[in-house]
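**Q** Protein sequence lines, in the order shown, are assigned to chains A and B.
Position 148 of the first sequence, counted from 1, bears residue number 841 in my numbering, the numbering being contiguous throughout.
Position 248 of the second sequence, counted from 1, bears residue number 311 in my numbering, the numbering being contiguous throughout.
Structure provided below as structure tokens; questions to follow.
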Amino acid sequence: MYLARVQAENFRIFGGPSDGEVPGSALDITFQPGLSVLVGENDSGKSAIIDAIRLCLTSSADFTRVTVEDLHCGPAGTADYLQISCTFHDLSEAEIGTFGEFLTSPPGQPPQLTVTMRAEPMDPDRPHRLSVRVRAGDTPLDGEAREHLRATYLRPLRDAEGEMRAGRNSRLSQILTQYPDMQAQKTSDFDSDKDSADTLVGILARADHHINANGLVREARDEINNNYLSKFVIGGDTLSGTIGIATTASLQNVLERLELTFASRPGLAQATRHGLGYNNALFMSAELLLLGRDSHAPVLLIEEPEAHMHPQLQSRVVDLLRDQAQGASPVQIIVTTHSPHIASSVPVEQLTMVAHGRVFPLRPEYTQLDSSDYAFLTRFLDTTKANLFFARAVAMVEGDAEILLLPALANAIGHSFSRNGVSLVNVGSTGLFRYSRIFQRRDLTPPPVRVACITDMDLAPDGADAKMAGELKRWSELTEQQRADHIAKKRERNGGVVRTFVSDWWTLEYDLARASWPMATIMHQAIGAAKGTKWPTAEDLVAIEVSAANEVKKWRDDGLTLEEAALKIYQPLRTGGRKKPIAAQHAARLLEQGAAITPADLPAYLVEAINYLCESTQP
Amino acid sequence: MTPPLDARALDHVRVKAHAKRMGLTLSLPEQFAFLEARGPLHLQAAPGSGKTTLVALKLALIADGWSSTRQGICVLSHTNTATQEIAQRLTGRSQRLLRYPHFIGTIQSFVHTFLSLPALRSQGVTTRAIDDEVYAQQARRLLDLGQFRTLRSYTRRRPDGIQLVTESTYLFEPGERRLQIRVRNLGRESESYRQLLSLKLHLAERGVFRYQDMYAIAARHLHRHTRLGAGLRMRFPFVVIDEMQDTDAIQSDILDTVFGDTAVVQCVGDVNQRIYSASTPVAVSSGFPDQSAMELPTSH
């Protein structure tokens, strides 16, 4: 059986159901068996989903209960109830039996189990007290049956070392108590004549026996008892103290004294302390101990497994989780993450984007991605591209030059990509729309992410010589209608939040140079500085920039059109062996040095794209 | 499947020790034969044989040796009184038989809990009353509506009169898509029968049922979802049915479908104490006691 659906009304970020007019903001998320990964920016609702499952099913590790703070606060004030439902599908016959009285078997469908937790303030005068009912239909789901649904929960870890330390009711003792055959260690087999013991409780009893036999301990004890404690005695009472380690030698007592740490290296007397990352790994190992061995825990919930781990270790964690999810006794695992490493290490269909309290599973039935897209994305979605899952807006571009130049251009006209949560993703020349389709949904409710695909017109100007034009069609080879069709074809994948911005003429650099005289100057300076393989010295740069600026000024004075000047400026990049990324570096530097650029100086398509990404225009 | 019961839970020594703790002296070999039996059986117990005490002792032994938290023992009886009699004798550890995953109760409540209530839930019906009197009252009120005019005049012409309506009970027939109603001398094609079904459906949608309706609803649910029976057999690999002699054919059918031959079913009863009730419309099941039944004589 697996957790197939979680619904929540009025729970934290998630509001009430639709009332016919106002669309609801309740949670309704579906899961598949195996591994599911929730990705999204902070405060998007990822943890609220995990907590909804924990509150409804209860979870290991710590005690959680619903509080008034969990009630959704909307425009209409605080909600007067909250309700969370978890539905399990695919029950085995044994599970059908175990949950027999709680099942729902809709006509034509196999039996399923829906657990509903509803909490309401008990009494208006004491609003902090909530009454909580857990039911399957009308049938109360009682403690022992609910126990079988208990999720295993690994919280976002800040103190892995502390978690594995000895102490009353320590997590390690809880885990070990449930370890198979541990109960056989319960009885003491300490034999004081033979001085032998094998069970854990026996070993503790034996140690206690020896401590009590120790002369110094005895002496101290007697002194306490005779010299001091006896003075407190009133009447015929007797008071006496004892020193030992196991006043009540129970299994619990033994297990609470155990701690899990890294073993010392061979030859070293003491173990060196390990960093947080490895301690986190140790903690997860302990938690996973019980799973996978005929475990009945239906769901494993992990928040931010990447905590404190370096990228390579994060990938190992994902491998481990995927093994657990597919192994001989598969475990359903639901993970939240902020790590592009983790997001890029799982197949795309196992991801669910969470944004502003809404969920967007990336499974085929929800997106417009086709099967070849899934194969493509699973192969090519790497760490740098995976940051698109965490962005408010994504610019999909086809080259490194765009990555370097776009933020600087945005800054120059008063927009900040970082402040607006804009991610730039270089998808090379093949996959622009494969990636953008991630954001195009079948159900037509778009995710609150703006996606701008920025691409080149790729028509050579009539003035370009044969070498520069290469195999490209020239501008006037096409009729106006044909050019319109050419653009329309590039935009045919538009839809939902995805918009395509096609350059006005040819390429980014050419279009920048052709847009205005100030930009022509900057581009000529930048491309001039990109000459040679070495980064020019500061003096050289000044010289290059001054002469380039003069040259552009001369062209302008000579009456050249911007089109003619742009061709001259662009030529070294097209046929002169200059590198586009290096030119882009210099252009970005010049823009950051405070070149006075207004939106009117830039190509229109870039201004539109930047405005769209930075939310100054409606999608 | 084998019940998750300790291999020595019903050993002679343990039986003896436990009986002693309960202040019982066991003298008859028949008593031990019943207590130590792990397989399916029929026990014909004579009056004064101390049957209930033995059943309680056996349950205590099983509770001690039971290792699963997902599978349970199912103890069925006919009346709440009989159920309570057994429950009262469970003390200490064996009281856990009163809770999940075990079940102690009447056959009626078993069918209701595990089959008809989940069936109604699956159809989106909220049960308001499962009560013959409430049903009769509401049925009578509905009958006054214009749409049941034909049915109303029909009841006036019948000797059983309005009882036809106030006691109409669902009947499950595997070949029929909908539940039917057992009525003598009334064709299913007749307008009166159509109105009777429609009136019953009205009440069903409101969540008002007769006790006996639950068996038909349960039987249909089992028929539609065959894995439920298999699931319940896994849940209750050990079943004790008390007062087996009073099990009627409908109950016996359902118990057979649910527990079949794979679960261990131990039936206890006294065929000589069978209640012959004129009001019971259905035939009493005659399968008890079977040929190889154990016999428990009156103890002295």
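Every residue, glycine too, gets a C-beta built ideally from N, C-alpha and C.
Identify every run of the beta strand (DSSP E) within the stretch 923 to 1001 of chain A, keeping only runs that are complete inside it and at least 3 residues long; order them along the chain.
**A** Entirely contained in the stretch 923 to 1001 of chain A, the beta strand (DSSP E) runs reaching 3 residues are, in chain order, 992 to 996.
**Q** Output the residue ranges of the alpha helix (DSSP H) runs that lie fully inside the stretch 1025 to 1065 of chain A and measure 4 residues or longer, sorted by chain position.
**A** 1033 to 1038
**Q** My output table needs one value for residue 1294(A): the three-state DSSP class, helix, strand or coil.
**A** By one-based count along the first sequence, residue 1294(A) stands at place 601. Three-state result, residue 1294(A): helix.
**Q** Which first and last residues belong to the alpha helix (DSSP H) in which residue 280(B) is found?
**A** Counting from 1 along the second sequence, the entry for residue 280(B) is found at position 217. From DSSP, the alpha helix (DSSP H) with residue 280(B) extends over 276 to 287.
**Q** For residue 1294(A) and residue 1211(A), which I take to be in contact (beta-carbon distance under 8 angstroms), what is that distance rounded to the nearest angstrom?
**A** Within the first sequence, residue 1294(A) is the residue found at index 601, counting from 1. Within the first sequence, residue 1211(A) is the residue found at index 518, counting from 1. At roughly 5 angstroms, the Cβ-Cβ gap stays under 8 angstroms, so residue 1294(A) and residue 1211(A) are in contact.
**Q** Write down the C-beta distance between residue 1206(A) and residue 1263(A) rounded to the nearest angstrom, noting that I regard them as a contact closer than 8 angstroms.
**A** On the first sequence, residue 1206(A) is found 513 positions in, with the first residue counted as 1. On the first sequence, residue 1263(A) is found 570 positions in, with the first residue counted as 1. About 6 angstroms; that satisfies the 8 angstroms criterion.
**Q** Please go through the same chain and pick out, in chain order, the residues whose beta-carbon is closer than 6 angstroms to the beta-carbon of residue 83(B), but skip the five residues on each side of it.
**A** Taking the second sequence and counting its residues from 1, one reaches residue 83(B) at position 20. Once the five neighbours on either side are set aside, residue 83(B) has no close Cβ partner at all.
**Q** Measure the alpha-carbon distance for residue 188(B) versus residue 180(B) and round it to whole angstroms.
**A** If you number the second sequence from 1, residue 188(B) lands on position 125. If you number the second sequence from 1, residue 180(B) lands on position 117. Distance between the alpha carbons of residue 188(B) and residue 180(B) is about 9 angstroms.
**Q** May I ask which residues mark the beginning and end of the beta strand (DSSP E) holding residue 299(B)?
**A** Within the second sequence, numbered from 1, the residue matching residue 299(B) stands at position 236. That residue, residue 299(B), is in no beta strand (DSSP E); it is neither H nor E in DSSP.
**Q** Counting pairs of beta carbons, one from the stretch 1169 to 1178 of chain A and one from the stretch 1243 to 1258 of chain A, are three or more of them closer than 8 angstroms?
**A** no
**Q** When we look at the beta-carbon of residue 85(B) and count the other beta-carbons within 10 Å, is it buried (16 or more) or exposed?
**A** By 1-based counting over the second sequence, the position of residue 85(B) is 22. Per the 10 Å Cβ criterion, exposed.
**Q** Beta-carbon within less than 7 angstroms of residue 1315(A)'s beta-carbon, same chain only, minus the 5 sequence neighbours each way: which residues are those?
**A** Because residue 1315(A) is not part of the residues shown, which for chain A are 694 to 1312, the question remains open.
**Q** In whole angstroms, give me the CA-to-CA distance for residue 1227(A) and residue 1039(A).
**A** To locate residue 1227(A), count along the first sequence from 1; it is residue 534. To locate residue 1039(A), count along the first sequence from 1; it is residue 346. Going by the C-alpha atoms only, they are around 40 angstroms apart.
**Q** If you reduce the DSSP assignment to three classes, tell me which class residue 729(A) lands in.
**A** Residue 729(A) sits at position 36 when you count from the first residue of the first sequence. Strand at residue 729(A).
**Q** What is the rounded straight-line gap between the Cα of residue 963(A) and the Cα of residue 955(A)?
**A** Mapped onto the first sequence, residue 963(A) falls at position 270. Mapped onto the first sequence, residue 955(A) falls at position 262. If you take the alpha carbons of residue 963(A) and residue 955(A), they lie about 10 angstroms apart.
**Q** Which residue comes first and which comes last in the alpha helix (DSSP H) that contains residue 95(B)?
**A** Indexing the second sequence from 1 puts residue 95(B) at position 32. Its alpha helix (DSSP H) spans residues 92 to 99.
**Q** With a threshold of 8 angstroms between beta carbons, is residue 91(B) in contact with chain A?
**A** In the second sequence, residue 91(B) corresponds to position 28, counting from 1. By this cut-off, residue 91(B) is not an interface position.
**Q** Which same chain residues end up closer than 7 angstroms to residue 352(B) when comparing Cβ atoms and leaving out the 5 residues on each side of it in sequence?
**A** Here residue 352(B) is taken as the residue at index 289 of the second sequence, counted from 1. These residues qualify, in order along the chain: 105, 107, 334.
**Q** Assuming residue 149(B) and residue 118(B) form a contact by the criterion Cβ under 8 angstroms, report the distance between their Cβ atoms to the nearest whole angstrom.
**A** For the purposes of this step, residue 149(B) is identified with residue 86 of the second sequence, where counting begins at 1. For the purposes of this step, residue 118(B) is identified with residue 55 of the second sequence, where counting begins at 1. The pair is a contact, with the Cβ atoms about 6 angstroms apart (cut-off 8 angstroms).
**Q** Assuming residue 825(A) contacts residue 750(A) under a Cβ cut-off of 8 angstroms, what Cβ separation, rounded to an integer in Å, is found between them?
**A** Reading the first sequence from its first residue, position 132 is the one you call residue 825(A). Reading the first sequence from its first residue, position 57 is the one you call residue 750(A). At roughly 13 angstroms, the Cβ-Cβ gap does not stay under 8 angstroms, so residue 825(A) and residue 750(A) are not in contact.
**Q** Which residue's Cα is closest to the Cα of residue 1094(A): 1266(A), 1288(A), 908(A)?
**A** Mapped onto the first sequence, residue 1094(A) falls at position 401. By alpha-carbon distance to residue 1094(A), the top candidate from 1266(A), 1288(A), 908(A) is 1266(A).
**Q** Which chain A residues are close to residue 295(B), counting only those with a beta carbon under 8 angstroms from its beta carbon?
**A** Taking the second sequence and counting its residues from 1, the one referred to as residue 295(B) is at position 232. Correct list: 789, 790, 793.
**Q** Distance cutoff 8 angstroms, beta carbons only. Does residue 130(B) sit that close to anything in chain A?
**A** Taking the second sequence and counting its residues from 1, one reaches residue 130(B) at position 67. Output row for residue 130(B): interface = no.
**Q** Buried or exposed for residue 1169(A), going by 16 or more other Cβ atoms inside 10 Å?
**A** In the first sequence, the residue the question calls residue 1169(A) occupies position 476. Residue 1169(A) should be labelled exposed.
**Q** Considering only residues of the stretch 873 to 901 of chain A, which uninterrupted alpha helix (DSSP H) runs meet the minimum length of 4 residues and lie entirely inside it, listed in chain order?
**A** none
**Q** Using C-beta distances below 7 angstroms, list every residue in its chain close to residue 1017(A), excluding the 5 sequence neighbours before and after it, in chain order.
**A** The count along the first sequence starts at 1 and reaches residue 1017(A) at position 324. If we look at residue 1017(A) and ignore the five residues flanking it on each side, its Cβ neighbours are 981, 984, 985, 1024, 1026.
**Q** Between residue 970(A) and the rest of its own chain, which residues show a CB-CB distance below 7 angstroms, the 5 nearest in sequence each way excluded?
**A** Residue 970(A) sits at position 277 when you count from the first residue of the first sequence. If we look at residue 970(A) and ignore the five residues flanking it on each side, its Cβ neighbours are 1001, 1002, 1003, 1006.
**Q** With DSSP run on the structure shown, which of helix, strand or coil describes residue 1084(A)?
**A** Position 391 of the first sequence, counted from the start, is the residue given in the question as residue 1084(A). Three-state result, residue 1084(A): coil.
**Q** Select from 820(A), 903(A), 1161(A) the residue whose C-alpha is nearest the C-alpha of residue 764(A).
**A** Within the first sequence, numbered from 1, the residue matching residue 764(A) stands at position 71. The shortest C-alpha separation from residue 764(A) is found at 820(A).
**Q** Is residue 1105(A) near residue 1037(A), with beta carbons less than 8 angstroms apart?
**A** As a working note, residue 1105(A) is residue 412 in the first sequence. As a working note, residue 1037(A) is residue 344 in the first sequence. No. Outside cutoff.
**Q** Pull up the CB-CB distance for residue 1120(A) and residue 1089(A), whole angstroms please, since I reckon it's below 8 angstroms.
**A** The count along the first sequence starts at 1 and reaches residue 1120(A) at position 427. The count along the first sequence starts at 1 and reaches residue 1089(A) at position 396. Yes, they are in contact, since the Cβ atoms of residue 1120(A) and residue 1089(A) sit about 5 angstroms apart, within 8 angstroms.
**Q** Go through the stretch 114 to 184 of chain B residue by residue and report every complete run of the alpha helix (DSSP H) that reaches 4 residues or more, in order.
**A** 114 to 128, 143 to 151, 170 to 174
**Q** Since residue 897(A) contacts residue 942(A) with CB under 8 angstroms, what's their CB separation in whole angstroms?
**A** Translated into the one-based positions of the first sequence, residue 897(A) becomes position 204. Translated into the one-based positions of the first sequence, residue 942(A) becomes position 249. Contact check for residue 897(A) and residue 942(A): beta-carbon distance about 5 angstroms, within the 8 angstroms limit, so the pair qualifies.
**Q** Consult DSSP for residue 694(A) and reduce its assignment to one of helix, strand or coil.
**A** Position 1 of the first sequence, counted from the first residue, corresponds to residue 694(A). In this structure, DSSP gives residue 694(A) a state outside helix and strand, which the three-state scheme calls coil.
**Q** Compute every distance between the C-beta of residue 1263(A) and the non-hydrogen atoms of the ligand SAM, then say whether any falls below 7 angstroms.
**A** For the structure depicted, the ligand SAM is absent and the ligand set is empty, with no information on it obtainable.
**Q** Unbroken beta strand (DSSP E) runs of length 3 or more, entirely within the stretch 763 to 811 of chain A: which are they?
**A** 775 to 782
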